[in-house]
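**Student:** For the record, in the sequence shown the residue sitting at position 145 is 1160 according to our numbering, with numbers rising by one throughout.
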Amino acid sequence: MGLFSPGFMGRRREPVPGLPPGQHLVTDFPVLSIGPTPRVTPEEWRFSITSESGLMTTWTWDEFQALPQEDVTVDIHCVTSWSKFGTGWRGVSLDTLLDGVDTQAGFAMARSYGGYTTNVPLDELRGGKAWVAHQFDGSPLAPEHGGPARLLVPALYFWKSAKWLRSIELSTRNDPGFWEQNGYHMHGDPWREERYW
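(1) Apply the 10 Å Cβ neighbour rule to THR1133 and answer buried if 16 or more other Cβ atoms are within range, or exposed otherwise.
(2) Comparing C-alpha positions only, which one of ARG1210, THR1052, ASP1114 sits nearest to THR1065?
(3) Ignore the nearest five residues each way along the sequence and tell me which others in GLY1050's own chain have a CB closer than 8 angstroms to its CB.
(4) With DSSP as the reference, label THR1111 as helix, strand or coil.
(5) In whole angstroms, what is the alpha-carbon distance linking GLU1209 and SER1098?
(6) Could you give the uninterrupted runs of the alpha helix (DSSP H) lying entirely in the region 1063-1118, keeping only those of 4 residues or more?
(7) Going by the beta-carbon positions, is the gap between GLN1038 and TRP1104 smaller than 8 angstroms?
(8) Counting pairs of beta carbons, one from the region 1081-1096 and one from the region 1180-1190, are three or more of them closer than 8 angstroms?
(9) Tell whether a beta-carbon distance below 8 angstroms holds between THR1111 and PRO1136.
(10) Could you check the C-alpha separation between THR1187 and GLY1198 for me, to the nearest Å?
(11) Would you decide whether MET1024 is buried or exposed? Buried here means 16 or more other CB atoms lie within 10 Å of its CB.
(12) Can you name the residues that DSSP bridges to HIS1039?
(13) Tell me whether VAL1168 is buried or exposed, calling it buried when 16 or more other Cβ atoms sit within 10 Å of its Cβ.
(14) Using CA atoms only, rank isn't needed, just tell me which of GLY1192, ASP1152, LEU1040, ALA1120 is closest to LEU1070.
Structure follows, in structure tokens:
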């Protein structure tokens, strides 16, 4: 007879297709933020992309809304271990926003209203992989979820999808952002469990 009675160690969880290792599914949309929620109106909102040479392109809210819009359905995965399947977003592809930007950069620093930063390899922002999203589930993006607009990079842990997006700066250096300076992984692939350095 073994030391532990049957069931003491709990039931073995069956793998869920599409769920990265170490994650569990949620049906709500947890809110996790550092610091207070910035309150930026669409009239105040400006977004810019700056190349490594210092050339800047800026959009107002109306200019941003006039760009080609895409509706996407993606799974999202938070480093704190929750995942949400089939989330619906509307926004502008980074392919559209980077079109015409002359750059040799390999990296990007996303900067938010409120001061948050996160680094993202430029390859993760191109090829239909990333958007600046302003709607979630058919409604304007709520401030607690990053409205009026946030970065959406579903292939990486969700801390890379910076809320309250203000700018993206391109660079030849892979400088760490806020969480990366505090021990989080520089890349953040949930399928490789790249949670921490």
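All residues carry an ideal CB built from backbone N, CA and C; glycine is no exception.
**Tutor:** Put simply:
(1) For this step, residue 1133 is matched to residue 118 along the sequence shown. When all chains shown are included, THR1133 counts as buried.
(2) To locate residue 1065, count along the sequence shown from 1; it is residue 50. Ranked by Cα distance from THR1065, the first of ARG1210, THR1052, ASP1114 is ASP1114.
(3) Within the sequence shown, residue 1050 is the residue found at index 35, counting from 1. So the qualifying residues of the chain are GLY1129, GLY1130, TYR1131.
(4) Residue 1111 sits at position 96 when you count from the first residue of the sequence shown. Helix at THR1111.
(5) Numbered from 1 along the sequence shown, position 194 holds the residue referred to as residue 1209. Numbered from 1 along the sequence shown, position 83 holds the residue referred to as residue 1098. Each residue's alpha carbon lies about 15 angstroms from the other.
(6) You should have 1076-1080, 1109-1113.
(7) The count along the sequence shown starts at 1 and reaches residue 1038 at position 23. The count along the sequence shown starts at 1 and reaches residue 1104 at position 89. No; because the gap between Cβ atoms is not below 8 angstroms, this pair is not in contact.
(8) At 8 angstroms Cβ cutoff, the stretches do not touch.
(9) Here residue 1111 corresponds to residue number 96 of the sequence shown, with the count starting at 1. Here residue 1136 corresponds to residue number 121 of the sequence shown, with the count starting at 1. Not a contact, by the Cβ cut-off of 8 angstroms.
(10) Position 172 of the sequence shown holds residue 1187. Position 183 of the sequence shown holds residue 1198. Their Cα atoms are separated by approximately 22 angstroms.
(11) Position 9 of the sequence shown holds residue 1024. Confidence is the limiting factor: at MET1024 the pLDDT is only 40, short of 50, which leaves the residue's position unreliable and the question unanswerable from this model.
(12) Looking up residue 1039 in the sequence shown gives position 24. Bridge partners of HIS1039: TRP1097.
(13) The sequence position of residue 1168 within the sequence shown is 153, counting from 1. Answer is buried; the Cβ neighbour count reaches 16.
(14) Here the question's residue 1070 lines up with position 55 in the sequence shown. Taking only the C-alpha atoms, the option nearest LEU1070 is ALA1120.
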